[in-house]
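Accompanying notes for the structure given below.
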Amino acid sequence: MEQTIQDFRCQQIPVLEPGQAEYRQAIATSNLLFRFSRPDCVVQPENAAQVQTIIKEAKARSIKVTIKCNGHSYAGHSTAFSGISLDLRGMKNVELDMKSMTVTMDAGCQWGDVYEKLIIGHHDGFIINGGRCPTVGVSGFILGAGLGPFTRSFGMGADTLAEATLVTANGSLITVKDSDPPTTDKGRLFWALRGAGGGNFGVVVQMKLHVQKLSNRHGMVVAGRYQWFPKSGFTDDVMATMNGFYATPWPNKLTIDTTWMCDLRQTSNEGGVRFNVSFDGSKGEYDRLITKHITHPDLQTQLKRRVLPEKSTRFLYETLVAQWLEEAERAYPSNKTYELYSSFIFDNSSPSTLAVITATIRELMATFREDFKGEQVNFLVTWIHSGGKASERQPTDTAYFWREAVFHAYVTVEWVDKWMERDMRRFLASVKKKLRPLSLNGEAAFVNFPDRDFPAKFHERAYFGGNKEELRRVKQMWDPDGFFRWIQAVRRPGDPEEDNEGGEDEDRTDKLASEQWANQWTYYEVEDLEDDFNDLADLGYGEDEEDEDS
């Protein structure tokens with residue numbers, strides 16, 4: 001590794017090593033489950049040619065590479081525990097071309113960088129089909145299919161992908177486009193990148209998306225947010241309201257995301273539901289829809305009062321800011337929390353099934369509140385509204401398979417005290433045991449909301465459904481040696497499946513952190529560790545904590 005680092009420096013490629021303050025900042029993560037991750041080095045390329053050099057060198061020396069665009073992977077897939085952390089965040093150029101109605105983005109861009117081009121240019125009435133949070137990386141979002149505020153209006157984020165440029169496993173730089181014949185090698189790769197592209201077939205260094213035009217002739221978006229805390233909690237009438245909400249065939253122009261909240265750090269409420277609204281229409285049209293479909297008088301009133309019309313650029317700059325600030329706070333390294341996630345995919349074809357799902361969530365929240373009363377813990381179930389235009393394509397049209405999805409739900413358990421990990425894992429296991437059979441096909445999950453604990457034989461079917469085998473063939477075509485390999489990667493035909501880190505039935509309490517801690521002694525000196533803890537303290541870790549591992 002030492003020779004590799006020297007080679008990179010000789011070619012003017014920025015490299016960070018353990019012991020440097022910049023290194024520690026580059027690997028910092030908000031999820032303390034990964035707090036001891038220590039790659040051998042962090043490489044920060046500034047252009048595609050440097051990425052080619054890195055991949056060629058790493059492959060020649062059989063060095064593991066972990067691709068990091070912005071580090072938002074729920075399962076830590078962008079967190080490197082050894083080898084090279086390929087940090088693309090220095091590649092952030094964005095070019096908006098309103099004549100061709102396209103935007104070209106480097107791999108290290110965040111959605112805030114991209115939306116800024118529309119805002120600065122005062123391009124009201126136009127939208128880029130991206131994410132809800134400005135700190136989310138564009139690459140991981142699009143390559144995992146991508147769910148945004150206008151998914152129902154324009155399809156998945158990957159449905160608007162025009163072309164992608166990537167460095168393949170042999171170090172070649174290629175561009176694939178939506179115009180490539182689908183039966184060609186490039187056409188099949190373009191197909192695979194739209195829903196299964198992250199870290200599987202190459203390092204994407206640039207993407208081009210089609211810009212979308214909103215239907216509101218004044219360039220307006222009707223948007224807002226409301227947090228509903230019913231006085232008596234999730235009573236039968238509240239449940240009936242939510243069941244009716246999820247079963248409603250909302251028009252494609254309307255997206256309403258909801259989050260069921262059970263935050264025991266706040267003792268003043270019995271839980272509630274957060275609503276985030278985005279509507280590509282007029283305020284009058286929106287109000288009529290709410291009157292028609294929301295019968296609960298208080299909720300109906302607030303969903304009208306808290307949702308306002310505004311120019312689309314103001315929507316990007318301001319209306320999403322509450323969500324953005326929350327996500328940014330969660331992503332900032334001083335946020336001292338441990339987090340686990342899992343995801344499920346629901347449709348609304350059966351109201352009775354929806355009622356079972358919501359009743360199960362209510363029961364789980366009651367159990368959570370009872371079992372962990374007084375603890376600094378949080379349990380969230382977020383329903384991301386999908387369907388609409390996203391459901392109009394066939395499952396095999398792109399690598400994203402679950403086209404009948406109407407809601408992508410992801411579960412979060414979050415805690416402050418590290419000694420709670422076993423309890424939180426056991427609780428999340430009970431959530432998955434009850435909700436997984438209710439997910440599409442009894443297995444479906446969304447690859448952009450990954451669960452690190454999926455068993456080896458499960459994750460490809462859960463994420464890619466019936467597209468699993470074709471993805472394996474594309475993998476064999478573009479990465480025949482399996483260079484891009486990670487815990488939940490697309491495999492090649494015939495690859496063994498025993499390299500996954502156990503399964504959902506295994507007690508994994510403190511396993512990952514212990515392995516990280518043990519590994520770092522192979523190349524760390526005591527004084528380096530002391531520097532690490534000092535720097536982590538400067539970033540906010542360990543404040544008001546007595547235990548040395550904080």
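full-length UniProt numbering applies: residue 1 is where the sequence shown begins, and numbers increase by one. Yeah, the Cβ is synthetic: ideal placement off N, Cα and C, and Gly gets one too.
So for residue i, helix, strand or coil by DSSP?
i: Trp419; result: helix
i: Met207; result: strand
i: Tyr317; result: helix
i: Pro455; result: coil
i: Ala58; result: helix
i: residue 574; result: Lying before the first or after the last residue shown, residue 574 is absent from the chain, which here runs from 1 to 550.
i: Ile128; result: coil
i: Tyr410; result: strand
i: Thr104; result: strand
i: Ile361; result: helix
i: Pro351; result: helix
i: Thr91; result: The question names Thr, yet the displayed sequence has Met at residue 91. Correct three-state label for Met91: coil.
i: Cys10; result: helix
i: Asn276; result: strand
i: Pro437; result: helix
i: Ile27; result: helix
i: Val356; result: helix
i: Phe379; result: strand
Quick check on residue i: buried or exposed, where buried means 16 or more other Cβ atoms within 10 Å of its Cβ?
i: Tyr332; result: Confidence is the limiting factor: at Tyr332 the pLDDT is only 49, short of 50, which leaves the residue's position unreliable and the question unanswerable from this model.
i: Asp280; result: buried
i: residue 563; result: With the chain running from 1 to 550 in the structure shown, residue 563 is simply not present.
i: His459; result: buried
i: Asp451; result: buried
i: Met98; result: exposed
i: Asp453; result: buried
i: Pro351; result: exposed
i: Pro496; result: exposed
Where does the unbroken beta strand (DSSP E) through residue i begin, and where does it stop?
i: Lys177; result: 173 to 177
i: Tyr338; result: 338 to 346
i: Trp228; result: 220 to 228
i: Val167; result: 161 to 167
i: Trp191; result: No beta strand (DSSP E) holds Trp191; the alpha helix (DSSP H) holding it covers 185 to 196.
i: Thr255; result: 254 to 263
i: Thr66; result: 65 to 68
i: Cys41; result: 41 to 43
What is the residue span of the alpha helix (DSSP H) that residue i lies within?
i: Asp237; result: 236 to 247
i: His122; result: Element bounds for His122: n/a, residue is neither H nor E.
i: Leu299; result: 297 to 305
i: Thr291; result: 283 to 293
i: Lys475; result: 468 to 478
i: Ile142; result: 138 to 143
If you draw a straight line from the alpha carbon of residue i to that of residue j, how long is it in whole angstroms?
i: Pro395; j: Gln11; result: 44 Å
i: Asn378; j: Trp415; result: 6 Å
i: Trp110; j: Pro134; result: Looking at the sequence itself, residue 110 is Gln, so the reference to Trp does not match. Taking the straight line joining both Cα atoms gives about 6 Å.
i: Arg492; j: Gly244; result: 44 Å
i: Leu364; j: Val431; result: 7 Å
i: His218; j: Lys283; result: 12 Å
i: Asn216; j: Asp298; result: 28 Å
i: Pro14; j: Gly199; result: 21 Å
i: Met261; j: Ala409; result: 13 Å
i: Gln266; j: Arg305; result: 25 Å
i: Met477; j: Thr291; result: 54 Å
i: Asn276; j: Phe8; result: 46 Å
i: Gly131; j: Val138; result: 8 Å
i: Leu303; j: Phe229; result: 13 Å
i: Asn467; j: Arg426; result: 31 Å
i: Thr29; j: Ala48; result: 26 Å
i: Tyr246; j: Gly387; result: 12 Å
Do residue i and residue j have their C-beta atoms within less than 8 Å of each other?
i: Ile127; j: Phe150; result: yes
i: Leu147; j: Ile357; result: no
i: Thr337; j: Leu143; result: no
i: Leu380; j: Thr259; result: yes
i: Ile119; j: Leu316; result: yes
i: Thr102; j: Ala80; result: no
i: Ala145; j: Arg194; result: yes
i: Val94; j: Lys68; result: no
i: Glu310; j: Met239; result: no
i: Ser446; j: Ile294; result: As written in the sequence, residue 446 is Phe, which differs from the Ser given in the question. No, the Cβ-Cβ distance between Phe446 and Ile294 is not below 8 Å.
i: Ile5; j: Glu17; result: yes
i: Val167; j: Phe190; result: no
i: Met105; j: Met207; result: yes
i: Val204; j: Ala164; result: yes
i: Gly108; j: Lys92; result: yes
i: Asp87; j: Val51; result: no
Could one say the Cβ of residue i lies closer than 8 Å to chain B's Cβ atoms, at least one of them?
i: Leu364; result: The chain labelled as chain B is not found in the depicted structure, where only one protein chain is given.
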